[in-house]
Structure formats: C-alpha cells, structure tokens
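Protein chains in written order, with the working numbering: chain S, 1 to 292; chain P, 1 to 292; chain A, 1 to 381; chain G, 1 to 381.
So, in structure tokens, the structure goes:
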C-alpha cells in the first residue's frame, strides 16, 4: 500500500533524456522504483541507463504497462505532457517541472481531475514511499520506512522534518510534496484523504505555509473526516507579507492567510501544531508513543 | 418511477415567453406536469398562464426547486441555455430546439455528460411518461399508461408506433424521442439502460433509422446488458442514400449504416425487428401476451 | 454543406494549410488564360460534389495553355456520377514523392473530433481501413481541452513519419486543420492526398470540406459558397419552398410529415409492391401553403401515377392539412389520384373536412398500411 | 507581475474595455503638456504598485494644464506606503453617476476563474464582502467550457442591474475582461470603480492587473512593462542574480535553500529572541557562484550583524555549498560572523570541508535550532 507511489508503481519518465530527467530517473530506479520507460519525442528506441525510451507515452504504456508518469519536461511543454500521459491511460501523474503558467495548469486540472486521475505537483519534489518507491527528487536517504504520513507544500522544509522524525526513530509511510503553485494537482485534503484510507499510515504530519486557505480547509476536513491524528507545522510567522493577490484574494478565501490564522484554525479543531521542525517531530513521537 | 420525466419532475421552461415555449409549457402543465417556472432574461417577475418567469435559471431553481429544464430558446442561444441550466443545478435537460450548431452541442455534451446530467435532444420531441408528466411536444393523447418503453430517433414515426400500440391496448411507461442530430445528449444505449433499470418498464421498443451505427451499438448493449425484451423497428430500407459523411464516416463506425445492416445486427442478437409500425405493435402484443 | 475542392482549398489557404496556386474556370478559354497566368505545367480538375472524378477522366495534366484549354473543353459538361461538370480548377502541377492521407471528422458516436492519418494516401481510404487497419492512425481530440501538441506527435509516430522536416510540417498542418475545423464549424476536413514533394515540402493536393448547415449563420462567407446549380432542379425548387425533397425512380408520389415517418412510408410502399417516386417531408409546414408547395414540387414529375399523403398530427394539425389539400386542389390541376391518411391531432376533424368536400379522385384511408396498398393499386401495379 | 494602472488600462483598451483617454508623465512639465493635449478637466493620478493612493493625496483633479502641473509637482516624489511616485497618469476627468466593482480572479481553491461584481463599487471591496455579502455577486467560470453569455446575465441580475443599456455594456465588459484574463495569462483583473457616467456610458475608471510571471514568455509586450525601479535597490540586485531576497528589519542575515525552509528559519530566529534581517532563498543555486551572489546581496545591509546559512541538501549538495562559502570568503571581505548548518545530501562532506579549512569567524552547528541560537547570540542579543 502506502499512497501515490508504491511497489506497484510502474513509472514512465517524460523528458527522460534531459539532464535532470535522466539524473532522477536513474536515481529513482536505483532506489528500487520500477522505472519501466522514458519518453522523449524523436528519441524512441534509445535507452537511458537501461530504461527504454519511447516517442510517445501511448507507446510506452503499450509496451511496458506503465501506470505512473513523472513529468520533467520544460515548463512550456509540461501541460501537453500531462495531457498526453492521461490520454495514454496513466492514472498517476507527478509533475516536478517548475514555472508552468498557471492558466495551463488551470485547464489541465479541470480536464484531468474529473477523470479520477491522481495529479501531484507541479513544482513539487514528488512522492516517496520509503522502502517501496521514490518518484521525484526527494533525497530518500533522509527518510525511513514507517507509519507516519507526511504532506507538505515545501521541499527542503519537508526534508528537514523527515530528518528530525528519522532521527527520533520514526519512519514514514509516504512523503508527498504537493508544491506551492497557484494550481496544485493535489491539495492537502486530497492527500489527507488518501492517508486516512491507507492502512499503513497511522499518523499524518502536515507542513503548511502562509498564504491561501488550504490549511484552514484541511483543518475542517481533519475535524470532520479523519480518524487518524494529525500533527501540523506552519512556516512563516515572521515572514514578510509579500505580494497580495489584490483585495479579491482575501475575499475568496475569507482568510487572512497568516501563519497565526492557520495555526489557530488547526488548533481550534484539535490538531497539535509544532512551533519548529524539532518540536513537530517531538509531538509525533509523543503521539505515536501514546498510541503504542 | 418511469424514466427521464415522472411525477417528481419539477420543470423550468427556458424561453417560456416565446411563442412555442409558452404554448408547450402551458400544454405540458395542462397535462399534469409540474411546470414550476419559466426563464426569459429581462422578463423576471412576469408569469405565463400562472407559471412564474425568472431572469436566470439559478433564480428559478432557488425559488421553485426545479430539477428539470426544457429548452425552447432559439438555436443560437441554446447551448448557453443548457450550460446555464446545468450550472444552476438542473439534473435533466430536455432540448426541443432544432438547428443548434453541431460544434456547440459537441462542447455542451462533453461538458455536461461527465457531470452525470441526463441530457435529451436537441431537435427532439421530448419525453412523456403517460399519466405522470409530459415534457416537450409529444401529443400525449396518442399514448396510454402502461409498461412498454419507447425510444426513437424520429418524431412522427414514434407517434405512429405509439398509436398502433395504444390501439392494441398496450400502454407505455415512457416515450423518449432522442432526436437525430449529429450530437444527441442521450443515445439509444443511454435510454435503454434507464429502461432496463426501471421497474415500471417490462419491454422496450426501439425505433431506429438509416445512418450512423447507434442501432448496431444498441444491439450489442441489448445482448450483453439487458434482461428485458426489446422489439425494434428500422425505417429507411427504401430510402435514398442521401449525403454521406465522406469516406471517413463509414470508417469510424465500421458500419454501412443501412437499414438492412441494422436489422441484421439486431436480429443476430435476438432482437425481433418489425417491418412496419403495425407489425411492430403486433410483435409487442405477442411478447407482452407471452409474458403475461 | 459540401464544398467544392477549390472552395475547401480556399479555406485551407486562409487557415495556413499549404495548397497549390490555382484559378477557377468555367469555359475552355478561361482555362487557357488561367493556365497562362499560372505558367508551367498545370492540372485541369473537374469540380463536382462527388468522388471518382479521377477514374472518370475529370483530372488531366496539361503542358501548355493550349492543352489546358483542350482538356477543359473535354471535362466541362462531363457527367460524373450524375453530376455535370460546370467548373474546372486549374492548378500548378505538383511533383509527388509521397502520398499521405489526413482527415478530421465529427465522430458522432464518440462525440469528439477524430483525426485519421496514414502514409497510404492517394488511394481509397476505406480499403486501407479495411485491409491494413494498423496503417491507419486514429486519434480523438477532446473538444473542451482542445488540440494539444501531443496529438500531432501521436499521429506522426503511429503512422511512422520519421523525417524531422515532414514531422514539423505535418504537425503544423494537423494544428491548422483542427483550427480550421473548429473555426469553420466543419463536419469533415479531408486531405487525400497530402503530398510530400521531392524536395520535402508537404502540401494538400485535394480537399473535402463539409460545413454544418446549422452553423452557416456564423459563416456568411462560407454560406455564399453554396452552389445551387449543383442540385437537381426539382430539389432546388423544393429547397426554396422549405420542403425536403429527393427524387426517386418509382411511381407513387409521397408526402408526409417527419423524416422518420416518410422513410417508413417509403418502406411500406415497397412492401405493398410499389415503388416510391420521391421522398418528400412537409416538415412542420402542414398548413395550406405548405401542402400546395409540396404538391407543386412532386406533381411535375411525369413518373408519378398516384400520390400518398401520410400525416401523423402532432404539432401539425390534421384539420389544417385536410384544408390545405382542398385548397391545393382548388388552386392547381392535379391529374393523379390522391390517397390520404390522417392520424393524431385533430384527425377526426381532418377526415370530416375531406368527407364533406369529397373531391373526385381523393381517397381517404384509415391506416398507413391500407393507404399504402391503395396508393400502389392506384399507381397501376 | 503587478501592472501600474496605466499599463492595465492599456491592456483593457487593447481588449476593447472602455477607458478614459490619458497620457503618462514623469515630470510636472510633461503633466502640463499632457493635460494640454487632452483638453478640458483632467485627473492627475500617482502611479504606484500599492493601494491607498487616494487617501494619501495621490489623485487630484485639475481644471487647467497649469493646475495639472502643480498637482504633478506635489504628487511626483510623494511616498505612498513606501513606494515613491515616479510617474503620474493624466487622464480626462469623468463624471460619475454610479460606481460599481468588477473583478476576475484566479481562485486557487476552486481552481477556476472567479468573477465578483457589485453595485457598491468605489469603496473598499473587502468591507462590502464583509458587511453586505449578499450585495456581492460571485460566479466561477469553468476554464474548459469557457465564458458563456449566461455568466454575465447571472452577475447582472444577481447584482440587480436593471437598466438595459447598462446590462448590455456590462455584459460586453464581462466578456472582454474574461478574454483579456485568458489572453494575457492574468492572475487578477480588477476594475474599481467601474463607473456609469450621467449619460449612461460604462467605463473602467481604475485598473488592477496582475500577470503570471511564469507566462511572461508568451507576452513579451507585457514583460517589457516591468518597472525595475518599482522595487528596492537590493531586491533588484538580488533579482538580477537569480536570488530571492526581501529586506527585513532585524540583525540576523539569513540564507537558506527553499522558501519553506527559509521561512521556518526566520521563525526559529524569532523564537530564539533574534530578528531576521532578510529573507534570502538560494533556490537551487547552492554552487559557489550562487553562494557568492547571495552573500553579495545580504552583506551590504548595514543592519546585518551575523549571518546564518541554513541548508538542507536535496538536489543541492552540502559539499558544494561548503565549497561555495569558502570561495566567497576568499573572494570578498565579510565582516560579520557566519553560522553554518548543513544537513542532507553530502552534509558530512560539507562539514568536513569547512572543518578542514576552519576559516576565522565561521561557526558550524549541528542542528537548525542550535544554529539559530548561535546566530542570534553572535548578533549581540
């Protein structure tokens, strides 16, 4: 089991002949992920460190039964790559590429999600189920097999928290970086829902940031729909206000978007919120200990 | 029960202040259909023979809990009307309007159907569940309450067959005219599926025509998925070949589209096919008699 | 609405799809001057709304303006599958290295536009589909998400196009063909053959372009392309009156309301041993003028020996139809016997009107079957 | 990327949304000549990428070119919420009968564009949303199906616009605003107020227009509108080096990799009793040059008294970062003490490199918390 990626993941890497694509495809494969194919139009028939390359995702799926795609193609071609993967029958698409225009992703999201596809990213580090599969750029060596799920908008902050957990001997079921772009394929709630349903996950750590209201929505979801405990961390109490989305943004969300507001929303619904990564790990240790 | 329209139908008529819209809205209401609202932008607050008129479908739904829309607006505004109905929460949209551009309906269909909406038409006579509700322009007096479902691409031919059935004392559960436009909201299969699930329907009459391959597909569906008997009629054995869709059309369907081909496809799967409306009614009488 | 090759190519050109330079000619002299202005070798191509003109001798290569004139003289007036050639398209001749096939169709079943592409172009595409289906790449496009670059890639790689220059040009044509299909409300855009010239340029050498009649109001320029001369005179007359009419070969003239019921009436006539003289749908026009119009369309046919009115009233009221028949009989001379069958809305009233008037040579029947038998009988079978 | 009012209005104009005629001026003299060419009454409007300019005195009516020059002299150089006014927009004055509000936003939660419309424009829209939410009509548009005419109708009727002339004009503006939003890859298009003039003409009197940075490659014309002068000098320098930098008020200079980790570092500094001097994200640039660039951005700040490197290696390799720090120390004079915390990919190697070199004034810490405490301590708290 685990979520998003696991031992059944059969990965096709789109943009495999690029510098980053080949590096991480190889690295994911070395970890034990079933990296069954790569796609670069015009390079069909080649291979990258033993991974066969196809011209189209359809070709790759036909030959290798790939079920998951990792998108590494440049930003301006990434939306096309996601459509291609989905139309080829891929059920999980993890997009690492950053800098994809928001309107492109808006259309992709509204096309892909009603089809029941799991979409993670873009501009995210990917998903890692320790001991099972690693799809993306998460450094697996920081993490360990276990029963704590981790979902985060941030890359390195996720590693930091994973590192702290591992140091306390607490392993993880799956680590999912959802990315922080205006349109993310999976929201906190989407991933929390998967963790709730995953028998191998017993507690979830949610790592949020200032901005938007996804953490507030997640708080409501946790209170209403989750039986598993959640420990949260919010970064940005001291952050500069940054650009606003005009007045309209705050009206849409009905939230100030501050770290404090998010913390309060979570705590009001019984979610423990750590004040720094070390404390988060400690709260998890206490909770897991309490349950053991 | 019955299908598509029944006693729970709460109808909003879009384009109610037009000549045809008001005529048929009033007629449907006189039949006993719950015609709860009409919509004509800019005429909100008026009424048509006691039916309140709203500016928007959203307004109509909010005030009257309408759940079904009948579209009578002119062809060039019809696609917009269907989108409006669906976005207002309407679950069944029956479009009588003829002459809607095929590309408009193509987009409407692909937007509406994945949302689980029942879409009937365009360019169709509507749906009638005798004794329960009549939505559209089908002359209800020809039909009688009973347990035979009737689905047809054609208007007057449907009336002819209904007339023959009624003359033999065989009533109908629901009559659905699906229309013959390039994009129909409900295909034969969509309606057959509903009849199969309807406890008030015991036999279905399917009335097809030359062209396309929907009858052939229905034959496969009947064989594989239906427990209820189906009697079919195909018009056009003597028809002129008419315009073809170029060579590409026949390749898509893999069917000649002739009446003979359709008849053979149906008979090969055990569906009885009458050679004229009178014989169809007789076949139904035999089958219903045999089951009684 | 089907467009002629030259009209479809004009739309191709507007949407950036490469076509050869050419000019239209309606006389041999015009053909000569067109060839003269185009220079070099030209092809003289019959413009007809049907296939098979190549085999019928409707396409000829000309080395000189004189030869173009000569060919045009032969081709103009030629009858190709019942279509008389009234226009020829004079086009620069192309050298052909390869012939491909590309089309974009309105797939009614899938409710999506469908691309088809194969390197086996220039021939009968149904044969390719039948004999070597694996050679025919097919791909649907979601009309909401629209065309994406991968669609072209899938078509190209599936069909085995490996030359990068061809890939690039055909991908661009795929994109433009989709844009044209959507922008022009097309039901079909077909390029057969899509050629590759020896030096590698890709070009549409033919065009089949069908535009949705219901959408012509959005395309006044395309609507103007309609060539009324392309249809038989009686169909043209019917079209002007808003009556759907198709001439057939039999003796029983048929009028009905609704295409399905009319088709069924044709079948029943055949089952009764007769042969229908036409398909004629009154549509919603069951009023007096509609009936007169329809009778004016079908009675001039010298083959018609009896006339069957088969009307099932819905919106159409049978009493109005009955009155229309009487009006028509008052206004025009009709030699043939008329059989009338009325059912549905106000059928009793309609029958009463006819019974009261009892015009000679008019026979009212109770059922569709008996009416059909009577009409066949009266036609002399 | 936020656009100035005058730039947003230029985009409005291109997409057919009515705006007043106007001209840009950067000096009082230009303002005078602009007013002169526009004729009649004009408004002198400060161009700043922040709100509240009206209350700050940044918008003034002028009856004559002389008065326009006078107002421009006052407004140019004015500081509005930390933004110095360098440009004024001289615009024909409008008579205002009604003030509405119309916006189209990228709703991240719903993943759909969202229209908001109310007749209570010209005021703080958040207050309208808060106090009279029923007066604010909101409507999502499906980005695949696109804008349909009913969207405008729903907004108009929900907001209670009953005058047919207004309905027609605003429906057209709704349509054009959506077209602009999609065509320009906008994240926000806001018109507040959308005015109705006494004679009934509807017009956009202000503009807030934000374009997606990631999509600027598709809009070279919009990309050129970026005004580098609008940002503080040090942020501009950072941007040129590809470093994300925001100046803050404290004493501890911070460098980290990844926005989340840097934000967390700021928080931990605050928890340790210190105050961060900046937000500085190395991004993926953990190589020597990246480290040098980042140090060049933060060290000129005279408030910085200690520097904290907080790096968690992923793609970024800690040994490269360590080498980068040493290189930077070799290349530039850095007065402040540096605390380094490395973890993740090649952290051991990185720490070893620093230990081997042991530069003066460089302190390696094991954990993020201890590093933060040390940096605060070294800053003199």
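Glycine is no exception: its CB is placed at the ideal position from the N, C-alpha and C atoms.
The stretch 198-205 of chain S makes no contact with the stretch 132-143 of chain S: fewer than 3 CB pairs, one atom from each, lie closer than 8 Å. When Cβ-Cβ separations below 8 Å define contact, residue 221(P) makes no contact with chain A.
Ranked by Cα distance from residue 303(A), the options 277(A), 281(A), 317(A) and 293(A) are led by 277(A). In the three-state reduction of the DSSP assignment, residue 174(P) falls in the strand class.
Separation of the CB atoms of residue 223(P) and residue 270(P) is rounded to 7 Å, and the pair is thereby assigned contact status at 8 Å. Beta-bridge partners of residue 3(S) (DSSP): none assigned.
In this structure residue 168(P) is exposed. Its beta-carbon is surrounded by fewer than 16 other beta-carbon atoms within 10 angstroms. Note on the stretch 68-140 of chain S: whole beta strand (DSSP E) runs with a minimum of 3 residues are 68-71, 92-95, 118-120, 126-129 and 133-136, in chain order.
Take residue 164(P), set aside five residues on each side of it, and the residues of its chain with a beta-carbon closer than 6 Å to its own are 277, 278 and 281, in chain order.
Note on the stretch 277-358 of chain A: whole alpha helix (DSSP H) runs with a minimum of 4 residues are 288-298, 318-331 and 347-357, in chain order.
Taking the CA atoms as reference points, residue 173(P) sits about 6 Å from residue 200(P). Here residue 160(P) has 277 as same chain residues with Cβ atoms under 6 Å from its own Cβ, once five neighbours each way along the sequence are excluded.
In this structure, the straight-line span from the alpha carbon of residue 98(G) to that of residue 171(G) is close to 17 Å.
Interface residue (Cβ-Cβ distance to chain A less than 8 Å): residue 233(S) is not classified as such. Cβ-Cβ separation between residue 306(A) and residue 12(A): approximately 49 Å, too far for a contact (criterion under 8 Å).
Between the C-alpha atoms of residue 184(P) and residue 151(A) there is a straight-line separation of about 26 Å.
Nearest to residue 336(A) by alpha-carbon distance, out of 346(A), 242(A) and 377(A), is 377(A). Here residue 64(P) has 36 and 37 as same chain residues with Cβ atoms under 6 Å from its own Cβ, once five neighbours each way along the sequence are excluded. At a cut-off of 8 Å between beta-carbon atoms, residue 78(G) makes no contact with chain S. Contacts with chain G (Cβ-Cβ distance below 8 Å) from the stretch 81-100 of chain S involve 99 and 100, listed in chain order. Within chain A, the residues whose beta carbon sits less than 9 Å from that of residue 154(P) are 258, 259, 260, 261, 263 and 264, listed in sequence order. If you look at residue 263(S), you'll find it in the alpha helix (DSSP H) that goes 259-268. Contact residues of the stretch 101-115 of chain P toward chain G are 107 and 111 (C-beta to C-beta distance below 8 Å). Between residue 4(S) and residue 92(S), the beta carbon gap of about 6 Å places them in contact (Cβ cut-off 8 Å). Runs of the alpha helix (DSSP H) lying entirely within the stretch 87-144 of chain G, each at least 4 residues long, are 125-131 in chain order. Sixteen is the threshold: since fewer than 16 other Cβ atoms of the shown chains lie within 10 Å of the Cβ of residue 84(G), the residue is exposed. A check of alpha carbon separations from residue 29(P) across 197(P), 134(P) and 182(P) identifies 134(P) as the nearest.
Put simply, of 33(A), 110(A) and 373(A) the residue whose alpha carbon is nearest the alpha carbon of residue 272(A) is 373(A). For residue 145(A), the chain S residues whose C-beta falls within less than 7 Å of its own C-beta are 83, 107 and 111, listed in chain order. In this chain, the beta strand (DSSP E) harbouring residue 253(G) covers 252-256. By the CB criterion at 8 Å, residue 287(G) and residue 257(G) fall outside the cutoff. In summary, no residue of the stretch 152-170 of chain G has a CB separated from any CB of chain S by less than 9 Å. At a cut-off of 8 Å between beta-carbon atoms, residue 212(P) makes contact with chain A. Chain-ordered, the chain G residues with CB closer than 8 Å to the CB of residue 59(P) read 157.
Under the Cβ distance rule, residue 56(P) counts among the residues neighbouring chain G, one pair being separated by less than 8 Å. Per DSSP, residue 226(A) lies in no beta strand (DSSP E) and is assigned neither H nor E.
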